[in-house]
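One line per chain: the protein sequences are A and B, in this order. Numbering-wise (my numbering), the first sequence opens with residue 1 and increments by one. Numbering-wise (my numbering), the second sequence opens with residue 1001 and increments by one. Below is one structure; the comments refer to it alone.
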Amino acid sequence: MKNIGLVMMLFMMTAFSANATTVVQGKEKAKKVKTVRFLTSAICGECKERIEKALNYTKGVVFAELDEESKEVTVKYKTKFLNEDEVKAVVTGLGYDAADTKRDEEAFNKLPKCCQSPGHCARD
Amino acid sequence: MNKIIIVFICLFSSHLYGQETDLQLKGKIITINAEGDEETVPGAKIQWVLNKAVAFSDDAGQFEIAAASLPDTLMISFIGFQTIYYKVVDPSLDFVFNLKEGKVLDGIVVIGENLGKHIDLMDPRHVETIGTDELRKAACCNLSESFETNASVDVNITDAVSGAKKIQMLGLDGVYTQLQWENIPLVRGLSTSYGLSFTPGTWIESIQITKGTGSVLNGYESMAGMINLELKKPNEAERLYVNLYGNKFSRAEINVHGAQVLSKKWSTLSLVHISNQFVETDVNKDGFRDMPIGYIAAAMHRWNFEGKNSEAKFGIKAILGDKQGGQLGSSSDAPLGSAWNARFKTQHVELFAKNGYFLKKRKFGSIGLIGQAKYHEMHNTFGNTSYEGTQRKIYLNSIYGDIIGNTNHNIKTGLSFLLDDYDQTYNDSTFLKTEIVPGAYAEYTYNSNDKVIVVAGFRADYHNLYGPLITPRIHGKWNISKKNALRVSVGRGYRVPNPFADYNSQMASSRLWVVSPDIVPEDGISAGVTFTQKFLVNDNVASFTIDYFYTHFLNQLVVDMDISANEVHIYNTNATSFSHSAQAELSIQPAKGFELRSAFKYYDVRGTFNNILTQKAFVPKFRVLLNAGYQTRNKKWGFDLTGNWIGKKRLPSTATNPEIYQRDVISKNFWMLNSQITYNFKNFSVYLGGENLLNVIQNDAIISAEDPFGAYFDATQVWAPISGANIYAGLHFSIKQKKK
């Protein structure tokens, strides 16, 4: 049973280490990490995936989550690498509105039909 | 945005002809915003609850949906608003609905975030679904390893030679669980013993597990449970998918899939799998390979056609395998009397087709046809024992589905036909058997607004060798509230055994096989109660499920190892044999991305062995499953840890052996601990995992390992892992299909 406890602990430590680092950063360099929330024109799960993926793989973004019900995206990012406008630019560049910032029309036209208008979503 | 009112108006075209119905129900969906102004709602979903037909409101909030035969209930939903249900009896009226804004707590679908594994509250049967995310948590390797994080299916090693794994449900051997993929039979007949390893894990999109008896539509088998696989679909699968896997014991696998959507109607998918064990390993130092060396290659090519009133799925699947286990350095080519070798050669080809037609004259009428032709060949040797088997099979099933009067009453009925031609040789004895089983079934479903569903099924088959087989089954579900479900099921099931194939791995011993010449179908009744309650913890869905199942055999094929330590007796008996199985499972998400699951299982499985009613050997009375999964919020890292505690098992007596070849009659309890870490890059992901991390090894698993041709050799007394901790790594790479 000792072994199990040990492995469990190791697991928990690894599992939460990623979060732990950001917390420490948050305290010590409070100004360097910011969280921003704004509404998007996302429609479906496909949109959620596109927006989250693009943001999460943008340098300086700690995490990005889109709430499928409210279409609100939460982005935690390091100010050293980008600012709020640049975060929104990632979203508009994909073809979605980000708060009051209008979408890139060219990117919008390339989106799947379901992501342009909910009427085209074949399945939920 | 405090109170939003959605007004929903249906405007009907004037020509009405009772319930016969080409009628289009037209309407508009609007909302009153905070300023009190009227706004149209585009994208709201309008669905008939029973008919399932779906429509969406357009940019002007307008929609059109075919009003099929009534009454049926309209469900209008839009994210952020409460769902409206309205029973439409008289479509000549105009409707106005008032609702409040709110989180959707819809009792029908799983509320909150969709977990990798979930239980549906809608289905009349208790069905657990394991999705792709859950399957990826334990990335290795084939169907037998896909139940690692699931509590309802237990997986056991069959022997210390073949490396094969077998499942158990309700504490009963895997032969009593019916396995199929998309309603086509999967592991059946001669493939029963090793068939689980022939379905690569990456081919599987999801697995549905039903405890107890399944639908009569799928035949008279399924006593302990029913497992259905949904494999990757041509129209949805990745355009290109590559998976590589390698482990510490030199097992390497490669999976490549390619899908193409050719047109709106046609799509195709090819899947290729090769797995190979290169080097022999012997961790427990008994002179035997822990895993056989050799390969399994599998390929499938399938097509999808989706027309306006018909759909079709068809394709071909082929498997080739050749593995050699036994003593280190042994080979099947070596002359007789040299090192002990076991060889497993398999060839399998099958053609399959599924067609569905919607009837133009009857809105709810549909006809489905399922066909499968299969050829399965096995050549297995265990030392001086040899077994060869060939199975040729044709399976046909038809399903006519319709409503009776209105959508509260559904009927499914059809005819089925099975032809199984077996040709088996055990050492010098040959067994020929041809089974021809025509059958008919009917299944009536009563559905009261999805709250109460009762399914009564009846089927009658005529077996050319064993006469009529009558199968009654009934399933019921009641949603006491929107967040729970109480289910009951009672049913009868049969199984025609093939002892040499079903218990093939028992040949890995010097035990003399004493098989009764009069084998008859096994016959059992299974009854169960399941209760599921869902609740919210920190806005995340949690669920608690408790179930109890009782299975009673009226006739069972018993594998009796208690008569003598160097004999295995296989015979039919109607002596007492039953299983009580109870399980409690709790699944919660304490924080975002963090999921915990725990299950406790109790099995009391008894049978009459050597004329004494005793606990069935190798089945533990207690089992525990603990699973913890965590995914970072940016979805880049995933961690998973699974612990399986397996209690003590009764083992067959070895008292008649000389003292050095005797073993304990009760096994030790132990923990199996598996863990996996996944890192997702933008287009591919890599994973690193470990199995049996506590390095549990059953000592002296093989009795008389040093003298495998002697009278006491027995490699079938396995109750724990025989090779120690395993470390594996791999990657998934995929290019998704362009969404239209």
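Beta carbons: idealized from backbone N, C-alpha and C, even for Gly.
- Excluding residues up to 5 positions away in sequence, 1568 and 1716 lie with their Cβ nearer than 6 Å to the Cβ of residue 1506 of chain B in the same chain.
- Per DSSP, the beta-bridge partners of residue 63 of chain A are A/76.
- Under DSSP, residue 1288 of chain B takes part in a beta bridge, and its partners are B/1327.
- Burial check for residue 1518 of chain B: the Cβ neighbour count within 10 Å stays below 16, so the residue is exposed.
- Among the CB atoms of chain A, none fall inside 8 Å of the CB of residue 1123 of chain B.
- Per DSSP, the unbroken beta strand (DSSP E) holding residue 1642 of chain B starts and ends at 1637-1646.
- Pairing residue 1359 of chain B with residue 1509 of chain B, the inter-Cα distance amounts to about 57 Å.
- Inclusion of residue 1731 of chain B and residue 1675 of chain B in the CB contact set at 8 Å is not warranted, their separation being larger than that value.
- In this structure, the beta-carbon distance from residue 1124 of chain B to residue 1635 of chain B does not fall below 8 Å.
- Against chain A, the CB of residue 1246 of chain B has no partner CB under 8 Å away; the residue lies outside that interface.
- Classified as exposed, residue 1430 of chain B has fewer than 16 neighbouring CB atoms from the shown chains inside 10 Å of its CB.
- With its beta carbon at least 8 Å from every one in chain B, residue 88 of chain A lies outside the interface.
- Across the structure, residue 1691 of chain B and residue 1330 of chain B are spaced so that their CA atoms are roughly 27 Å apart.
- Residues of the stretch 1616-1647 of chain B with a C-beta atom less than 8 Å from some C-beta of chain A are 1628, 1630, 1632, 1633, 1634, 1635, 1636, 1637, 1639, 1641 and 1643, listed in chain order.
- Looking only at B/1595, B/1542 and B/1511, the smallest Cα-Cα distance to residue 1562 of chain B is reached by B/1511.
- Pairing residue 1646 of chain B with residue 1670 of chain B gives a Cβ-Cβ distance under 8 Å.
- No Cβ of chain B is located within less than 8 Å of the beta carbon of residue 42 of chain A.
- With respect to residue 1315 of chain B, residue 1352 of chain B sits close: the two C-beta atoms are nearer than 8 Å.
- Inter-residue distance for residue 1521 of chain B and residue 1497 of chain B is about 6 Å (C-alpha atoms, whole angstroms).
- Considering only beta carbons, no part of the stretch 1498-1514 of chain B lies closer than 9 Å to chain A.
- Residue ranges of uninterrupted beta strand (DSSP E) with 3 or more members, entirely inside the stretch 1519-1598 of chain B and ordered along the chain, are 1522-1537, 1540-1560, 1567-1573 and 1578-1591.
- Of the candidates B/1304, B/1139, B/1259 and B/1328, the residue whose Cα lies closest to the Cα of residue 1243 of chain B is B/1139.
- Counting other Cβ atoms within 10 Å of its Cβ, residue 1661 of chain B reaches 16 or more and is therefore classed as buried.
- According to DSSP, residue 1211 of chain B shares a beta bridge with B/1225.
- Within the same chain, and ignoring the five residues on either side of residue 1251 of chain B in sequence, the residues whose Cβ sits closer than 6 Å to its Cβ are 1277.
- Where residue 1262 of chain B is concerned, there is no enclosing alpha helix (DSSP H), because DSSP gives it neither an H nor an E.
- Listed as beta-bridge partners of residue 1047 of chain B by DSSP are B/1054 and B/1075.
- Counting the other CB atoms within 10 Å of its CB gives residue 1644 of chain B a total of 16 or more, which places it among the buried residues.
- In this structure, DSSP gives residue 51 of chain A a helical state, which the three-state scheme calls helix.
- Short of 6 Å from the beta carbon of residue 1710 of chain B, and not among the five residues preceding or following it, lie these beta carbons of its own chain, in chain order: 1704.
- At a cut-off of 8 Å between beta carbons, residue 1027 of chain B makes no contact with chain A.
- Take the alpha-carbon of residue 1527 of chain B and the one of residue 1223 of chain B: they are about 10 Å apart.
- Separation of residue 1390 of chain B and residue 1193 of chain B (C-alpha to C-alpha, rounded to the nearest whole angstrom) is 14 Å.
- Shown here is that no member of the stretch 1190-1206 of chain B has a Cβ falling below 7 Å from a Cβ of chain A.
- Within 9 Å of the CB of residue 1724 of chain B, no CB atom of chain A is found; the nearest one sits about 13 Å away.
- When the Cα atoms are used, residue 1395 of chain B and residue 1415 of chain B turn out to be separated by approximately 11 Å.
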